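Residues 1 to 372 in our numbering are what the sequence shown lists, from first letter to last.
Below is one structure, written out as structure tokens; comments come after it.
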Amino acid sequence: MKTRRIFLQKAGMSALALNLSPFSPLLGANEKLNINAMDEKPLRVAIMGLGSYGSRVARAMKDCKRAKLVGVISGTPSKIEAWQEEYNIPAKNCYNYETYSQIKDNPDIDAVYVITPNGLHKKHAIGVANAGKHVICEKPMAVNASEAKEMVDACKAAGVKLLIGYRMHFEAKTQEVIKMRMNGEFGKILFFQGLSGFIIGDPTQWRLNYELSGGGAMMDIGIYSINGARYMIGEEPIWVTAQETKNNPEKFKEGVDETIQFQMGFPGGAVASCLSTYSMNNLDKFFLNGLNGFAEMQPSTGYGPIEGRTHKGPLNHPHVTHQTTQMDEMAAIILDGKKPLVPVDGEEGLKDMVIIDAIYKAVKEGRKISLV
Ligand code: NDP
1 MKTRRIFLQK
11 AGMSALALNL
21 SPFSPLLGAN
31 EKLNINAMDE
41 KPLRVAIMGL
51 GSYGSRVARA
61 MKDCKRAKLV
71 GVISGTPSKI
81 EAWQEEYNIP
91 AKNCYNYETY
101 SQIKDNPDID
111 AVYVITPNGL
121 HKKHAIGVAN
131 AGKHVICEKP
141 MAVNASEAKE
151 MVDACKAAGV
161 KLLIGYRMHF
171 EAKTQEVIKM
181 RMNGEFGKIL
191 FFQGLSGFII
201 GDPTQWRLNY
211 ELSGGGAMMD
221 IGIYSINGAR
231 YMIGEEPIWV
241 TAQETKNNPE
251 KFKEGVDETI
261 QFQMGFPGGA
271 VASCLSTYSM
281 NNLDKFFLNG
291 LNGFAEMQPS
301 TGYGPIEGRT
311 HKGPLNHPHV
321 THQTTQMDEM
331 AAIILDGKKP
341 LVPVDGEEGL
351 KDMVIIDAIY
361 KAVKEGRKIS
371 LV
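Here's what the structure looks like:
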């Protein structure tokens, strides 16, 4: 009822502007809907870090209905210029890493999406929070749990929301499997397998520099299996064990993990067996097994299309660019307080960081680490 009233109010206002009744028989159903969508306040976003993933998010946002790219924060003036041209960004919404605290005086930016190297997330996210803007931060949200906790606390203290860029939480086939599990369609869940890896190239890139990455494959790609195990099984792990293999210590220096196999135990009796690596391709697979059925997804976390099937047959949901859906959904979370199917807030990111800390500890100490 409330939704309908808001719709009527909004549609009525638009009609005034257009000098046309939104219920006019001259308008088709889609046009009536478009009037409503146009009237909704967009989430006005600035992207910090105009690198490879930042560029992907910006392109995807061109198709967003609720989120709009309005600003940039970058250390590279030539990129700022190119983005201004491509995305029609006014000079007053452009900042660098020295000036972005001034964003607090800019009423035209609601949120900043931090897409810089992992080791800078804490500093950048807290900087944005202190400027009074909502924070969307890429995964891994930080390089350890203690940093992640500081970020959660800083955003709370500043009264802004903190969301982590977990795009899979909004992906249709993934959500279908999660809903099936919630409905008990797999029965008691006993096993999850997560395989996450690719062969990393350029040895000089920040992903292989401990100061900027905070680790290796685990921080970058293994986190998908950790997060996936949690949303697929629907429980929090109570212990981890882990084993590391390093075949190329020249490329993967101290603190930068090449390959880690890890296992997680869950309170309901399920076990997850996972692989995280920077030295093998063709590893993007989830398998969930319950007493009454299974789900298998491959690819499971790439940019898509995701492919999957369950004991009931193939998952047929159409592919939508992940970051487009993610940013529209995040706009609704920030602006309307919408509750996502699986959380994407700072606490959710912190849970993964606690597990990553435990995995590194399990490797170092060669023993099972309790998480309770
Ligand atoms: P890139 O290296 O392509 O881009 C990072 C950008 O950060 C740079 O282009 C630069 O932008 C800025 N930056 C600021 N300080 C530094 C620094 N000291 N060294 C290097 N770059 C710096 O990385 P990605 O875009 O691939 O990754 C960025 C983040 O996004 C990571 O946390 C990564 O985990 C995450 N990511 C998430 C994905 C997902 O699917 N959710 C996929 C890929 C990455 P500028 O010149 O504008 O300052």
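Even for Gly, the Cβ is constructed at its ideal location relative to N, Cα and C.
On a predicted model such as this, the values are computed, not experimentally measured, just so you know.
In the DSSP output, what is residue i paired with across the bridge?
i, result
"Glu296", "Phe287, Arg309"
"Tyr113", "Ile47, Ile136"
"Ala242", "Phe262"
"Lys68", "Arg44"
"Cys94", "Val72"
"Lys345", "As written in the sequence, residue 345 is Asp, which differs from the Lys given in the question. In the DSSP output, where bridge partners are listed per residue, Asp345 has Leu163."
"Ala272", "Phe192, Met264"
May I ask you to check if the CB of residue i is nearer than 8 Å to at least one heavy atom of ligand 1?
i, result
"His121", "yes"
"Leu371", "no"
"Met297", "no"
"Leu50", "yes"
"Ile103", "no"
"Glu138", "yes"
"Met182", "no"
"Ile238", "no"
"Thr116", "yes"
"Thr76", "yes"
"Asp284", "no"
"Leu212", "yes"
"Gln205", "yes"
"Tyr53", "yes"
"Arg59", "no"
"Asp220", "yes"
Taking the continuous alpha helix (DSSP H) assigned at residue i, which residues delimit it?
i, result
"Val177", "172 to 182"
"Arg56", "52 to 61"
"Asn227", "223 to 233"
"Ala142", "It is not in any alpha helix (DSSP H) - Ala142 carries neither H nor E in the DSSP assignment."
"Leu208", "Counting along the chain, Leu208 falls outside any alpha helix (DSSP H), and DSSP gives it neither H nor E."
Determine the DSSP secondary structure at residue i, reduced to helix, strand or coil.
i, result
"Pro340", "coil"
"Gly127", "helix"
"Pro421", "Residue 421 is absent from the model: the chain starts at 1 and stops at 372."
"Thr277", "strand"
"Val372", "coil"
"Asn248", "coil"
"Ile89", "coil"
"Gly119", "helix"
"Gln323", "helix"
"Arg367", "coil"
"Ser24", "Confidence is the limiting factor: at Ser24 the pLDDT is only 41, short of 50, which leaves the residue's position unreliable and the question unanswerable from this model."
"Asp357", "helix"
"Asp108", "coil"
"Tyr303", "coil"
"Glu185", "coil"
"Pro77", "helix"
"Asp202", "coil"
"Glu236", "coil"
"Asp352", "helix"
If you draw a straight line from the C-alpha of residue i to the C-alpha of residue j, how long is it?
i, j, result
"Asn88", "Gly265", "50 Å"
"Glu250", "Ile199", "15 Å"
"Asn247", "Ile260", "12 Å"
"Leu26", "Ser225", "A caution first: Leu26 carries a pLDDT of 42, below 50, which makes its placement in the model unreliable, though a value can still be read off. One C-alpha to the other measures close to 52 Å."
"Gly349", "Thr116", "16 Å"
"Lys173", "Glu185", "15 Å"
"Arg181", "Leu288", "10 Å"
"Ile189", "Ile178", "12 Å"
"Thr325", "Ile238", "32 Å"
"Pro381", "Gln84", "Outside the displayed span of the chain (1 to 372) sits residue 381, for which this structure offers no information."
"Met38", "Asp284", "Low confidence applies here, because Met38 scores a pLDDT of 43, under 50, leaving its location unreliable; read the following figure in that light. Each residue's Cα considered, the two are about 38 Å apart."
"Lys338", "Val160", "15 Å"
"Val363", "Lys65", "45 Å"
"Asp328", "Met141", "20 Å"
"Lys361", "Ala242", "9 Å"
"Glu244", "Ala270", "23 Å"
"Leu120", "Trp206", "11 Å"
"Lys133", "Leu163", "12 Å"
"Glu236", "Cys94", "41 Å"
"Ile109", "Arg367", "48 Å"
"Ala58", "Val143", "25 Å"
How far does the beta strand (DSSP E) with residue i in it extend, from its first residue to its last?
i, result
"Gly255", "Element bounds for Gly255: n/a, residue is neither H nor E."
"Ile189", "189 to 197"
May I ask whether a heavy atom of ligand 2 can be found less than 8 Å away from the beta carbon of residue i?
i, result
"Tyr97", "Absence of ligand 2 is noted for the structure shown, with ligand 1 being the only ligands found."
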